[in-house]
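A.B. asks: Before we start, here is the structure in question, set down as structure tokens.
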Amino acid sequence: MSAETRPATAGGPDGHVRRVRLPADRRTPAAARALVRSVLTEAHLDELLNEALLLTTELTTNAVEHAGTDLDIEVTADEIGLTVTVSDFASGPVEELIVGVRNEADEITEVAERGRGLLLVDHFASRWGTTYLPTGKGVWFRLDRSGDADAGSEHAAHGTPSGDPQPATAAPSAAAVSELMKISPDAYADDPLPDFATHLLTGVAEMVGAAGGLIRLDRGDGTGPQVLARYGRQPRAGNKLLHVPLTVHRPYAGELELDAAPSAYAGPLAVLAAERLSLHLENDRLRRADVRRQAWLTFLAEASELLAQSLDVELTMALIPQLVVPRLGQWCAVHTTDEWGRLRLAAASHADESVLPQLHKVLAETGPDSVQARLREATRSAAQVPLGGPMEGFAVPLIARGQRLGTLAVGRHQRHRHDPDEVAVLEDVARRAALAIENARIHAERRRVAQTLQQSLLPPVLPVVEGIGFAAEYVPTGGDADVGGDFYDVVPLPDGRWLVVIGDVSGKGVQAAAVTGLVRDVIRVLVGDGKPLPEVLARLNETLVERGGGRYCTLALAAVGPVVGGRLDVSLHLAGHDRPVLLRGGGGGGFVGTGGTALGLLDRISTPTAEVPLAPGDALVFYTDGVTERRRGRELFGTERLREAAAPLAGYSADVVAARLRATALGFSVEAPRDDIAILVLRNEAA
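Have a look at this one:
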């Protein structure tokens, strides 16, 4: 094939010229087609669209495959037609086109790989040729409107070199190629790709006379390549098959395979079909990726909620592997660092529970190549570290608020390694898990401090006094997480009597605990100096008023004398506190005492004294407002319900009365107490 002189085109005002330089990669044909489409639209040459796109694909594909250099694409349109030139920068001449002829045995002689697609150019173009340039070479084709040029004569004069044999198989028509390219997936099908791929493969195979064909697709989900579409029979052993890779992004990969005799049209048509299928596969990949990311977001939201609800350290660490396995890996292990920086296995899980002992054994091994060494590296570097060997996977550090807490190790899936999305999700899980562990530790420390402080405000044990029974129950707010303002005490008086104290400081937390400690200590000091109870209350009120801070306190003080002749005298003083319940040993009960002024609010207070004699078996029940104000919806437990609950307990020991009332108050509602509950019972135990 000799070089041709490029045809003259109208470059004046009515002409349309576009030039672009493109890299030699798989996206170039698509970019060139877009350029040609835009020029045809501007020049109103839409009738040439199918042939122009097909021939542009052939020229650019041949140039990408064989030149390996950048390509200059020039598109020129005028009133009667279109010229497209594809130039490369490769040195050396263009190989001459050699055509094979089908014989009676249906065999094809060898065809040179370079130049195969030019048979389509030769078939459809009005004329075409090659141009040699100092920097390389170019191939061009010309398409004219029907009736504007004698395509047949031009084709004979400039297209196929004289003397070259013609292929026996008829070339596909532009209309047939156009119809093939119009095949689209069913938009309403649940999974339209298999049917779409089958129709596309069937169309290509029938056009080139292929005996069979396959389209394989690997979605990167660990299942390996799967047959997406099949046509005809299985390929025969020894046949030279045509393989066209699908241009899809990772993790997708695939190919179109044809069992077709070598022809000028099989390769280009297979490439066109593969490109069209690849476009829809990319849409499928993006759609699945979007669905998957939505699923990961839902998973992370649910995991965060579960982790946030757990404020127990051990439970939190045991929950983390259960969230990961088997969705994100075959196994998972959580290691935490102790105060010396050593790793300790906190929790582990495996999809196959029978392998769990082996997992524990491998995780316990030491040495430079052990999993332990890799975990220490992840902790030191604060970065992701791969795990090799039989427990393949990777480890990420657990870091919260800048503190390195340990590592989260995850084993690979059974059939495939983690993809980038899964790695990102696992790193996010590690961040959330580390924060949950740190929050649980902070909560545990807060609870420990609160319990220690609360215990310091309550007597470790109640005294054992002959003839008098003492019993107490205390339930802090929020499961021992906060320090409450309720307290009770039993203090010996200098005159041989005992002072029973129960009080409630407003609010809760450290400030309330400080006031509680102050009230408790002032009472002990004043009664130890022999001060009378009215003076003790007055001095305590002065102290709270001078201290300020808006904290006040209600108190119930009862000076309990020794049992004399079976009778126990009680001198009761109330400073804004609820009246206690008197339980008669013979049955029944009611409230006793006269209310007074709470301490810390006014300069002057009133605390009336009430004398309450207790016969054998009688008991006084003191309590704080955590009992009476316990809620069930909008309903309060209330003082009357307390009296009714206490009445049947007349005659029981102080321990039983306190325990039963505590259980009744807690059982009133399924919610945790909103306020501290304190119950103190004193009983005349004389026979």
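Under the UniProt record's numbering, the first residue of the sequence shown carries the number 1, and numbering increases by one thereafter.
Heads up, the beta-carbon is just placed ideally off N, CA and C, and yes, glycines get one too.
I'd like to know if the stretch 277-287 and the stretch 54-71 are in contact, where contact means that at least 3 CB-CB pairs between them fall below 8 Å.
C.D. replies: no
A.B. asks: Tell me which residues share the same chain as valine 425 and place their Cβ nearer than 8 Å to its Cβ, disregarding the 5 neighbours each side in the sequence.
C.D. replies: Taking C-beta separations shorter than 8 Å and ignoring five residues to either side along the sequence, the partners of valine 425 in its chain run Trp296, Phe299, Leu300, Leu328, following chain order.
A.B. asks: Alpha carbon to alpha carbon, how far is valine 334 from aspartate 419?
C.D. replies: Rounded to whole angstroms, valine 334 to aspartate 419 spans 21 Å at the Cα level.
A.B. asks: Suppose contacts are defined by Cβ-Cβ distances below 8 Å. Is aspartate 578 in contact with threonine 639 by that definition?
C.D. replies: yes
A.B. asks: Any chance you could list the beta strand (DSSP E) runs of at least 3 consecutive residues sitting entirely within the stretch 539-615, in chain order?
C.D. replies: 553-560, 568-575, 581-583, 589-591, 609-614
A.B. asks: Using three-state DSSP, classify lysine 508 as helix, strand or coil.
C.D. replies: coil
A.B. asks: Report yes if the C-beta distance between valine 681 and valine 621 is below 8 Å; otherwise report no.
C.D. replies: yes
A.B. asks: Nearest-angstrom Cα distance between leucine 526 and leucine 544?
C.D. replies: The straight-line gap from Cα to Cα measures roughly 15 Å.
A.B. asks: If you check the beta carbons only, do aspartate 144 and glycine 213 fall under 8 Å apart?
C.D. replies: The answer is no: Cβ separation not under 8 Å.
A.B. asks: In angstroms, rounded to a whole number, what distance separates the CA positions of alanine 211 and leucine 22?
C.D. replies: 37 Å
A.B. asks: Can you give the beta carbon distance from methionine 207 to leucine 269, rounded, assuming they're within the 8 Å contact cut?
C.D. replies: 6 Å
A.B. asks: Taking the straight line between their C-alpha atoms, what separation do you get for arginine 18 and valine 248?
C.D. replies: 29 Å
A.B. asks: Please name the residue, chosen from Asp78, Ser571, Leu45, that lies closest to histidine 16 on a Cα-to-Cα basis.
C.D. replies: Asp78
A.B. asks: When you compare each of Val423, Gly496, Leu345 to valine 396 by their alpha carbons, which one comes out closest?
C.D. replies: Comparing Cα-Cα distances from valine 396 to each of Val423, Gly496, Leu345, the minimum goes to Val423.
A.B. asks: From Tyr488, Arg285, Leu636, pick the residue whose C-alpha is nearest to that of tyrosine 252; which is it?
C.D. replies: Arg285
A.B. asks: Taking one C-beta from the stretch 557-571 and one from the stretch 612-620 each time, how about it: are there three or more such pairs within less than 8 Å?
C.D. replies: yes
A.B. asks: In the DSSP assignment, find the alpha helix (DSSP H) that holds residue 696 and state where it starts and stops.
C.D. replies: The requested residue 696 does not occur in the structure, where the chain is confined to residues 1 to 687.
A.B. asks: Exposed or buried, what is proline 673 when buried is set at 16 or more other beta-carbons lying within 10 Å of its beta-carbon?
C.D. replies: buried
A.B. asks: Between valine 519 and alanine 512, is the Cβ-Cβ spacing less than 8 Å?
C.D. replies: Using a Cβ distance threshold of 8 Å, valine 519 and alanine 512 do not count as a contacting pair.
A.B. asks: With H, G and I counted as helix, E and B as strand and the rest as coil, what does DSSP make of threonine 516?
C.D. replies: The answer is helix: DSSP assigns threonine 516 an H, G or I state.
A.B. asks: Could you pull the start and end residues of the beta strand (DSSP E) that tryptophan 128 belongs to?
C.D. replies: 127-133
A.B. asks: Just mark glutamine 322 as buried or exposed, buried being the case when its beta carbon has 16 or more other beta carbons within 10 Å.
C.D. replies: exposed
A.B. asks: Three-state secondary structure (DSSP) at valine 325?
C.D. replies: When DSSP states are grouped into helix, strand and coil, valine 325 belongs to the coil group.
A.B. asks: Determine the closest residue to glycine 129 out of Thr135, Gly136, Val121, with distance taken between C-alpha atoms.
C.D. replies: Val121
A.B. asks: Below 7 Å CB to CB, which residues in the same chain sit around histidine 199 once its five sequence neighbours on both sides are set aside?
C.D. replies: Ile183
A.B. asks: Can you give me the C-alpha to C-alpha distance between alanine 619 and isoleucine 677, rounded to a whole angstrom?
C.D. replies: 19 Å
A.B. asks: Kindly indicate which three-state DSSP category alanine 30 falls into: helix, strand or coil?
C.D. replies: Here alanine 30 sits in helix by DSSP.
A.B. asks: Within the chosen definition, does the stretch 377-387 reach the stretch 360-368 through at least 3 CB pairs nearer than 8 Å?
C.D. replies: No, because fewer than three Cβ pairs between the stretch 377-387 and the stretch 360-368 fall closer than 8 Å, the two stretches do not touch.
A.B. asks: Which whole-angstrom value describes the C-beta separation of leucine 493 and alanine 559, a residue pair presumed to lie in contact below a C-beta threshold of 8 Å?
C.D. replies: 6 Å
A.B. asks: Could you please give the first and the last residue of the uninterrupted beta strand (DSSP E) stretch that includes lysine 137?
C.D. replies: 136-144
A.B. asks: Give the straight-line distance between the Cα atoms of aspartate 195 and glycine 209, rounded to the nearest whole angstrom.
C.D. replies: 21 Å
A.B. asks: Within this structure, are the beta carbons of glycine 549 and glycine 576 separated by less than 8 Å?
C.D. replies: no
A.B. asks: Measure from the alpha carbon of residue 690 to the alpha carbon of each residue in Phe668, Val656, Val449, Ser653, then state which is nearest.
C.D. replies: Look at the range of the chain in this structure, 1 to 687, and you will see that residue 690 is not part of it.
A.B. asks: Give me the Cβ distance between leucine 555 and glycine 484, rounded to the nearest whole Å; I'm assuming they're in contact under 8 Å.
C.D. replies: No, leucine 555 and glycine 484 are not in contact; Cβ-Cβ is about 15 Å, not under 8 Å.
A.B. asks: Would a C-beta distance cut-off of 8 Å place threonine 135 and leucine 71 closer than the cut-off?
C.D. replies: no
A.B. asks: What is the rounded straight-line gap between the Cα of glycine 517 and the Cα of alanine 383?
C.D. replies: 48 Å
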